[in-house]
Amino acid sequence: MVTMLLAEKDFILRYGGVYTVALAYAGTSNYGAIRKLLHIAVSDTPDDVRRAAVTSLALVLFKNPGQPAQEPDFRTQ
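Take the sequence shown: its position 66, counted from the start at 1, is 90 in my numbering, and no numbers get skipped.
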């Protein structure tokens, strides 16, 4: 369901999908969620969706502020 929301053409549904990922993985520092949100933050067209992705990264990473997240390698994509 979340994957379908993130793949929608309507940006409002993608916006909701981004916050769904954020709430599902809040405080977990989940690598898959971080990778997905970073990809959306740099590649989605509407600024609203990109801002939501950056805000969502904060929600996913908030429990480990002193521990840097593992840097994903986007060079292969």
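Cβ coordinates follow ideal geometry from the N, Cα and C atoms, glycine included.
Beta-carbon proximity list for residue i, same chain, < 7 Å, skipping 5 on both sides
{"i": "V78", "result": "A65"}
{"i": "L37", "result": "L29"}
Extent of the continuous alpha helix (DSSP H) to which residue i belongs
{"i": "M28", "result": "V26 to A31"}
{"i": "K87", "result": "Premise fails: K87 is in no alpha helix (DSSP H) and is neither H nor E."}
{"i": "A57", "result": "Y55 to S67"}
{"i": "A48", "result": "F35 to A48"}
Other residues of its chain near residue i: CB distance less than 6 Å, five sequence neighbours each side excluded
{"i": "K87", "result": "G51"}
Buried versus exposed, by CB contacts within 10 Å (16 or more), residue i
{"i": "V73", "result": "buried"}
{"i": "V26", "result": "exposed"}
{"i": "D68", "result": "buried"}
{"i": "Y49", "result": "buried"}
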